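Below you'll find the structure, written out as structure tokens, and then a few comments.
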Amino acid sequence: MGYPHKPHPRETVVLSKYFGDADARTYKGWVKRGGYEMLAQALTMEPAKVIDIVKESGLRGRGGAGFPTGLKWSFMPKEKKKPHYLCVNADESEPGTFKDREIMRWTPHALLEGSAIAAHAIQAEVVYIYIRGEFTEPWTYMERALAEASAAKVFGAIKIYLHRGAGAYICGEETALMNSIEGKRGNPRIKPPFPAAAGLFGMPTTINNVETLAAVPPILKQGAAWYKGLSLSSPKSTGTKLFSVCGHVQKPGNYEVTMGFPLKDLVYELCGGMRSGRTLKACIPGGSSVPILNREETESCLLDYEGVVERGSMLGSGGVIVFDDSADMVYQIMRLARFYAHESCAQCTQCREGTAWTTKILERILAGQGKMADLDLLLDLSENMTGKTICVLSDSCAAPVVSGIKRFKNEFEDYIAGRRKPVMVA
Amino acid sequence: MADELINLTIDGAPVSVPKGTLVIEAAKQAGVLVPHYCYHPGLPVAGVCRMCLVEIEKAPKLQIACATQVAEGMVVRTQSPQAKQGRMGVLELLLINHPLDCPICDQAGECELQDFTFQEGRPATRYSPDYAKRFNPVEDFGPDVLYVPNRCILCTRCVRFMEDVAKEPVLNVSERGDRAFIGIHPEARLDHPWAGNVVDLCPVGSLLSKDFLHKARAWELDKTASICTGCSQGCNVTLDTRDNIVVRVRPRPNLDVNRYFICDHGRMNYRWMNRGDRIEAPLVQRDGELHAADWDEACERVATLLRGAGGRAVALVSPKASTEALFLARELFTGLDWRGAFQVVMGEEAPLAGVPNLALRAERAPNAKGAELLGYTRDYAATLAAAESAAIVLVLDEPDLVVRTAGTLIYVGTVLPDGARAATVVLPIANVAEEDGTFVNRDGRAQRYFQAKPAPGMARPAWWVFSELAAAAGRGERIASADEAFERLSASVDGLRGLVPA
Amino acid sequence: MSVTAHPSSTPEGTDAYDPVFSGAVLEQLGEILARYPTKQAALLPALWIVQRARGWISDRNMAEVAEVLGLTPAYVKGVVTFYTMYHQHPVGKHFVQVCTTSPCNICGAEAVAKAFLETTGSKELGATSPDGKWTVIEVECLGACGFATPVLVDDDFIESVTPDKVPELVRKYK
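If you want it as structure tokens, here you go:
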């Protein structure tokens, strides 16, 4: 559902079935709606069996990386020698993305149930749900739901705790998230070791996104084959995805569609299209860390992992940011660069210095002091910032810069040549 | 399995190293120094500077050599265009905010940022003058350490040293992104007994020693291997001299003794090596006064006393004297009723928690063990009493000692104390910076130190002095070199038998 | 898990320090500590407790937290300065966070921030208003991009704020 909109007929409502239904937030309400049955069932199954089902379903990580979930779970040691941990990544901070908050504030029990099933599958006795500090409302609902469900003893021996973040986008990176739980600066870790070998507190750990885990109870209920069958284009992309559409559309919101759904239809039909008198200029399909698509690419793009790659971008978190012709692409790319510069943890030289310099160059261009050489400089910097750091924040800053210069070069040149008035002061 | 060797190729050269070796270490075997900053063999791996990017066949992206373990058949190329471009990119980004301080920066000449920029950096800046460099004022971190944030490249070696090696996390990384700097809590000071190592570890001129500030340029320094005289740990050091003055002491790596570190006590304990108030000529007692003489006269004076001497000989020696000197001083009195003793100034022990068996030791002298092996005891009071009725009393470099004796007093030392004015003969010797010698540390490890500067005036190494005295008295052969002195020593002392200078 | 309270001490030349972690608050920390295998993992929760109690986290507070959790003050400071939601100095009675990252930016977020500054009388972002009631800052993506512009006023997450709604919003908070 695109709250506060009623579900569009072309949506495939699975995760969003109870968005807007206040009763579904309560334990009793959730149970009435069939909640916690799958958890009870899963707890009687062999962990390996649960993993097989999820593997079969084709569910892939919905946080941005799209890594096959069942495969990720299978990396955990089969033989239990040490404590295992499940971390739930509710740090949702990727610009353009606002789906996990909806799951948490409308269907907190869906997340709790999915997390508990996952914990059972990976033999984790403790689950930490890492919720970003700014999500005060989702926190309240999660806290309430956790208290109710715990009192009803549905989780068996599994302990679930909420852990509050304190303002750092980088803590959405799985290894930084673990460091943050451990009471450290949210610095990503070098890999190896991988979390399944040595993660939280040095123990085998799996980190999953909120939306990924919320999909687990339905998969168990309706079967892997059902989930696998939900696929409009690439067979490697299955199930439904909550696409958070924002920016210059009539009806921004979360829309749940089957994988492979045409981006064009999402924007023009489900979201009501452009504002009056405006045309689509650009679209970032997967949260700000993926390349920007121009209009042609947007209108011919299928929304699954493979389809978006084909158009030169990535599905990422599914945060669809729509820019119409009124948008100043240079300014917005600068604003994104500034975002990354603000969020850089400071470990890697390329990211720490490169995000800041990129921002400064763009600010100068916007202040009317840019040079043509600046575009080559930006591309060169972006090259140095890609594929050479501990995590991909650095690459994420480069993505809009490179794709922006490639597709909207004229806007940059307008500022540099003085055809466009400066909008900033140097 | 522990000895399993992995074979790989680095820049075309075949390399064989134990399993688990990091590529950056394996590269050393191929004679390749992979440029790096945050990596240090004495610290846990961080992998943050990204300077050590290398190309590894079959890997889709450049890898950091400091965090990649060797694999059988791995092919590493450190000089591929891609790798060099990656590293050039890192250098450029390190330099955009780094001030052009080289002319006033202590690190110049021993700066790894300079070195690698010359080697593979960009020839010109693309940042200045269009963009302003970050500016923060210099901070005083504590007793000896200054922090210059502008020059900091955030390699975090200092933070990791204090956290993981000193086990006292008093430094942190503060803030985030390009606002980050090395911070310290306002209520804290960098006064850990081993904190000075952060200055050595800092690859650039960001952490500076106040003691060394603006004292000398790195290229003006002569470097000599030595052993610290601060305590009985026997840390290996390098004495840096400029115009024959010791201006700095730095650790010398020794994986068995001090790893890569020395404590601040040893680090600051060198000014005495430059003292000007030295005895510069042999002195002999004549008409109630000490008069300068030459070595022949002085030796002859002592020889006369020793020839046909009987009775008791007492030696009160400094535990800072070389083992060779202590040995030959003992040999000098063969046949006499000899007793020798030493006393050691004690202080508080200060371990470096993250390294086994490494501490500033309570015994504040480097050669107490050497003296023990040679039969000197710690019965100082008793020996002092015995000296009163001894025929000959030898005092070796103990300026604070007041000896009462009915016999002859021979003072051999570096400075002339009032207590030696009654001596029959005063013989000037070299200090630790002015001779080759050996100390035996508390673990029984014999370690060599070397001459860093000339001894003043006519002062000579103590081993030479005792050898000359023995020869003049017909009690021994002349010894020609420090090496020969050691050979004699190791041939006859348990605990040192069979040792050969490395 | 039992915790030792920080002994109330009078640092030289300063006023007596009133510890945060005593009585019920100390017990609360004890419950939190039971969730983790290390004391250090309770650091972020402990810092939230301090900020809730005192409005911000001073160097002295950091030293107290360090002592209670067996860490060093420098370590705690390193963590505090990493996370932007922890205030390192006092802020206005109400703390306003306006998202201005691109998705909200193209929907007029900067105008919302400006409206807050004007309405509250704060001269600039990050500064506290003369009457001490307001501090307004711009923040990065608040994760509510479809409800531009989202604003956090203290712990209240308010969606779909536009400049014209700001005066009424400010009036609500006294």
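For the record, the sequence lines run as chains G, W and E.
Straight run, no breaks: the first sequence in this note's numbering ends on number 496.
Straight run, no breaks: the second sequence in this note's numbering ends on number 540.
Straight run, no breaks: the third sequence in this note's numbering ends on number 927.
Glycine included, each C-beta is placed from N, C-alpha and C at the ideal position.
Note that the coordinates shown come from a computational prediction; the quantities given were computed from them, not determined experimentally.
Boundaries of the alpha helix (DSSP H) around G/E369: R365 to E369. DSSP places W/D521 in the uninterrupted alpha helix (DSSP H) bounded by A520 to S530.
Here G/H233 is buried: its Cβ has 16 or more other Cβ atoms, across all protein chains shown, within 10 Å. Annotation: the continuous alpha helix (DSSP H) that includes E/C857 extends over S855 to N858. Shown here, E/K876 sits in coil according to DSSP, grouped into three states, outside any helix or strand. When CB distances to chain G are screened at a threshold of 7 Å, the residues of the stretch 189-218 of chain W falling below it are L192, V211, R214, G215, D216 and A218, in chain order. Restricting attention to alpha helix (DSSP H) runs no shorter than 4 residues, the stretch 192-268 of chain W encloses them at 195-198 and 235-239, ordered along the chain.
G/K351 carries a strand assignment under DSSP once its states are collapsed to helix, strand and coil. Under the 8 Å criterion on CB atoms, W/E148 is classed as non-interfacial with respect to chain E. Interface annotation, G/W427: in contact with chain W, CB-CB separation under 8 Å. Under the three-state reduction of DSSP, W/P119 is assigned to helix.
Contact of W/H230 with chain E by beta-carbon distance below 8 Å is absent, the smallest such distance being about 11 Å.
Under a criterion of Cβ atoms nearer than 9 Å, the residues of chain W adjacent to G/N454 are, in order, Q123, G124, M126, G127, V128, E130 and L131. Contact annotation: G/K254 and E/V803 have beta-carbon atoms that are not nearer than 8 Å.
Within chain G, the residues placing a beta-carbon under 7 Å from that of W/G85 are I260 and I460, ordered along the chain. Within the stretch 865-895 of chain E, contact with chain G at the beta-carbon level (separation under 8 Å) is assigned to V892, E893, C894 and L895. Taking one beta carbon from each stretch, the stretch 230-247 of chain W and the stretch 174-183 of chain W have 3 or more pairs nearer than 8 Å; the two touch. Runs of the alpha helix (DSSP H) spanning 4 or more residues and lying entirely within the stretch 398-480 of chain G occur at 399-413, 419-436, 442-454 and 463-477, in chain order. Leaving aside the five residues that flank G/A437 on each side, the residues in its chain whose CB is nearer than 7 Å to its CB run, in chain order, P492, M494, V495 and A496.
Here the C-alpha atom of G/G128 lies approximately 57 Å from the C-alpha atom of W/D229. With the criterion set as a beta carbon lying under 7 Å from some beta carbon of chain G, the members of the stretch 78-111 of chain W are G85, V86, C87, R88, L91, K99, L100 and A105, in sequence order. When only Cα atoms are considered, W/G413 and W/R498 end up about 24 Å apart. Collapsing the DSSP output to three states places G/E243 in coil. The Cβ of W/D153 sits no closer than 8 Å to any Cβ of chain G. Distance from the CA atom of G/V400 to the CA atom of W/Q120, rounded to whole angstroms, is 30 Å.
CA-to-CA, the gap between G/V360 and G/L283 works out to about 23 Å. Those residues of the stretch 822-835 of chain E placed with their C-beta closer than 7 Å to a C-beta in chain W are T825, P826, A827, Y828, K830, G831, T834 and F835, ordered along the chain. Taking each of W/C301, W/Y487, W/T443 and W/G304 in turn and checking the Cα distance to W/A359, the smallest one comes out for W/Y487. Going by DSSP, G/I201 is part of the beta strand (DSSP E) stretching over V196 to I201. Of W/S519, W/V453 and W/A367, the smallest CA-CA separation from W/L507 is found for W/A367. Under DSSP, G/N324 takes part in a beta bridge, and its partners are G/S314. Shown here for G/Q439: same chain residues with a beta carbon closer than 7 Å to its own, the five before and five after excluded, namely A496 in chain order.
In the same chain as W/N210, and ignoring 5 residues on each side of it, the C-beta atoms closer than 6 Å to its own belong to G221, in chain order. Of all residues in the stretch 784-796 of chain E, only R788, P790, T791, Q793, A794, A795 and L796 come within less than 7 Å of chain G when Cβ atoms are compared, listed by chain position. Secondary structure note for W/N307: it is in no alpha helix (DSSP H), with a DSSP letter that is neither H nor E.
When only Cα atoms are considered, W/D153 and W/C140 end up about 12 Å apart.
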